[in-house]
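Encoded as structure tokens, the structure appears first; notes follow it.
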Amino acid sequence: MTEPRKHVDVAIIGAGFAGLGTGIELKNAGILNFVIFEGEEGVGGSWRTNTYPGCACDVPSHLYSYSFAPNPKWPEAFSRQEDIRRYIEECANQYGMEPYIRFSTRVTDASFDEKSGRWIITTDDGQITEARVLVPATGALSHPKYPEIKGMDTFQGKALHAARWDSSIDLRGKRVGVIGSGASAIQVVPNVAGEVADLKVFQRTPSWVMPKFNRTFTEKQQRDWAKHPWKQKAHRLGLYWTMESALPAILWYPQLLKVGELMHKRALHKHIKDPVLRRKLTPDYKVGCKRTLVSDDWFPAFARPNVHLITEGITEITPAGVRTSDGVEHPLDVIIYCTGYEIGAPAFPFAIKGIGGVSLSDYWGGQAKAYYGMNVSRFPNMLLTMGPNSGPGHTSVLIYQEAQYKYIAKYTKTLLKQKLRYLDVKEDVMQAQFDGFQERMRNSSWLSGCQSWYLNADGTNSTMWPGFSFEYVLRTKKLDMGAYNAVA
-9 MTEPRKHVDV AIIGAGFAGL GTGIELKNAG ILNFVIFEGE EGVGGSWRTN
41 TYPGCACDVP SHLYSYSFAP NPKWPEAFSR QEDIRRYIEE CANQYGMEPY
91 IRFSTRVTDA SFDEKSGRWI ITTDDGQITE ARVLVPATGA LSHPKYPEIK
141 GMDTFQGKAL HAARWDSSID LRGKRVGVIG SGASAIQVVP NVAGEVADLK
191 VFQRTPSWVM PKFNRTFTEK QQRDWAKHPW KQKAHRLGLY WTMESALPAI
241 LWYPQLLKVG ELMHKRALHK HIKDPVLRRK LTPDYKVGCK RTLVSDDWFP
291 AFARPNVHLI TEGITEITPA GVRTSDGVEH PLDVIIYCTG YEIGAPAFPF
341 AIKGIGGVSL SDYWGGQAKA YYGMNVSRFP NMLLTMGPNS GPGHTSVLIY
391 QEAQYKYIAK YTKTLLKQKL RYLDVKEDVM QAQFDGFQER MRNSSWLSGC
441 QSWYLNADGT NSTMWPGFSF EYVLRTKKLD MGAYNAVA
């Protein structure tokens, strides 16, 4: 017998920072008829699923946390995965979120019914839920991206993606290859280099790497923050303005980024003596064009005798290892893919269909866009978290997310109070905003000529917010009904 459909005001997909934060804001706003679908057995999102060696945040923890839930117990400036996961779990418990969450439940389809103004959501257990508002909060870094390399399925050793780490694979004494040299590789490589027999890092493009300046907080500091919350708030505020001050260099004054180049080269020269290796680890593009990384142990890892940087392109993966463009076959026991995540519509692990059955991936094509990163025309009553052009290039993503939680609550209350069937952002409004963003970024380091996951195939940028984070917060404080088609 088929279970009756459940009806909710809001359906949130994902119980990481974004999903839980949205739920907490809805609850605070008096909107209690909501559900959070979570595919895993517990909360945490990417901080639950990412367990690779060295996994940590590259934003200071006192800023990479909810402003309404300060944590005086952060053990270090840049906390590790297990500490961030524990913090998220504590927040879920503190704010009573677990009764709203359906764990081990994956959404397979979300389709908008124009007649009823509801989203019809199907989950992997066959149950159907109808929701007035849909909030996909699966995050931008949740769906692993694999490279397209000939012969990947022929490899006879062990292969895994860093984002889906398999702790049962013993790396001790093994010949290991890491494909990629980005944000996950910069953490994995130094943390496995000491236990493997031989480590080869296959790099396509080097990254600019800044010192991390990590430090451990003493118990005395933690007690002081707990006793005097204003001190922790002041510390967070100092971090906020320090990071915010980096934006002018990225957007308007690229000559200031020379400081970043000097910091990279100083650390490189300190740890790497081989001039050829130094050149291979030095980018030929401007700082900020790609994601700038932070690490104190990336360069020292390459000073180890068992770590080798391979810059020849990969032509194929063989049963025995990796073959590069110079014809050399590199024998390997384990391959670790540090190749990032799917961005845009492919990042959603389920189908999203709007008015007329149009899919989000087809509608976006190769150019994702959304009004303030949340509303997509022809997908009424859907509000994304960290959607197109709401990503920060210089500060904590939580600043933007918290503004989005509040906007979602305002949107939902307006919909319910005015008894509207749906609100659909006007396509010309969405397009004009997108075009304006591109103009604002025209001279930024993000558009300075390198190949980056920030950019679409046509060279436009659907990723970054082109301004200060406080501008985003201010511009999303009010719901502009003139930007929407309101249908009763």
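Counting with our numbering, you get residues -9 to 478 for the letters of the sequence shown.
Don't be surprised by glycine CBs; every beta carbon is placed ideally from N, CA and C.
Taking the alpha-carbon of Leu322 as reference, which of Trp455, Lys190 and Leu16 has the nearest alpha-carbon?
Lys190
Near Pro382, what residues of its chain come up, given a Cβ to Cβ distance below 8 Å and the 5 sequence neighbours on each side ignored?
Ile389, Tyr390, Met454, Trp455 and Ser459
One question on the structure: do Met157 and Thr41 come within less than 8 Å of each other, judged by their Cβ atoms?
The sequence shown places Ser at residue 157, rather than the Met named in the question. Contact: yes.
In the structure shown, what three-state DSSP assignment does Pro126 receive?
strand
Residue range of the beta strand (DSSP E) that includes Phe102:
Val97 to Asp103
Identified DSSP bridge partners for Val312:
Ile307 and His320
Indicate the three-state DSSP secondary structure (helix, strand or coil) for Met(-9) in the structure shown.
Summary for Met(-9): the model assigns pLDDT 45, below 50, so the residue's position carries little reliability, and this model does not support an answer.
Just checking, does the stretch 190 to 200 make contact with the stretch 297 to 304 on the three C-beta pairs under 8 Å criterion?
yes
If you draw a straight line from the C-alpha of Met(-9) to the C-alpha of Val0, how long is it?
Here the model assigns Met(-9) a pLDDT of 45, short of 50, so the residue's position is not dependable, and the following value carries that caveat. Cα to Cα, Met(-9) sits roughly 26 Å from Val0.
Among Ala19, Pro219 and Val324, whose alpha-carbon lies nearest the alpha-carbon of Phe145?
Val324
Under 7 Å Cβ to Cβ from Asp115, same chain only, skipping five residues before and after it: list those, please.
Within the same chain, Asp115 has close Cβ partners Thr95.
Start-end ranges of the alpha helix (DSSP H) lying completely within the stretch 381 to 454, minimum 4 residues:
387 to 407 and 417 to 430
Please report the straight-line C-alpha distance between Gly439 and Tyr275, rounded to a whole angstrom.
7 Å
For my contact list, Tyr361 and Val415 are in at a C-beta cut-off of 8 Å; report their separation, rounded to the angstrom.
4 Å
Might you give, ordered along the chain, the residues of its own chain that have their beta carbon closer than 6 Å to the beta carbon of Thr466, omitting 5 neighbours on each side?
Tyr362, Ala393 and Tyr397
DSSP bridge partner residues for Lys148 (one or two, in chain order):
Val324
What separation, rounded to the nearest whole angstrom, lies between the Cα atoms of Ala5 and Gly228?
29 Å
Can you check which of these residues, Ala187, Ala82, Asp143 and Ile169, is closest to Arg162 by C-alpha distance?
Ala187
If we ignore side chains and look at the alpha-carbon of each, how far apart do Thr39 and Gly20 end up?
Rounded to the nearest whole angstrom, the C-alpha separation of Thr39 and Gly20 is 31 Å.
Pull up the distance between the alpha-carbon of Phe369 and that of Pro134, whole angstroms please.
25 Å
Whose C-alpha, out of Arg122, Ser285 and Pro339, is nearest the C-alpha of Gly129?
Pro339
Between Ala447 and Gly356, is the Cβ-Cβ spacing less than 8 Å?
yes
Around the Cβ of Pro295, are there at least 16 other Cβ atoms within 10 angstroms (buried) or fewer (exposed)?
exposed
For Leu241 and Thr329, I'd like the C-alpha separation in whole angstroms.
27 Å
Beta-bridge partners of Ala46, as assigned by DSSP:
Residue pairing of Ala46 in beta bridges, as defined by DSSP: Arg70.
Rank Tyr444, Gly147, Met372 and Asp287 by C-alpha distance to the C-alpha of His261 and give the top, closest one.
Asp287
CB-CB length for Ile326 against Val178, believed under 8 Å:
6 Å
Do you know whose CA, among Pro137, Val277 and Gly167, lies nearest Trp198's CA?
Val277
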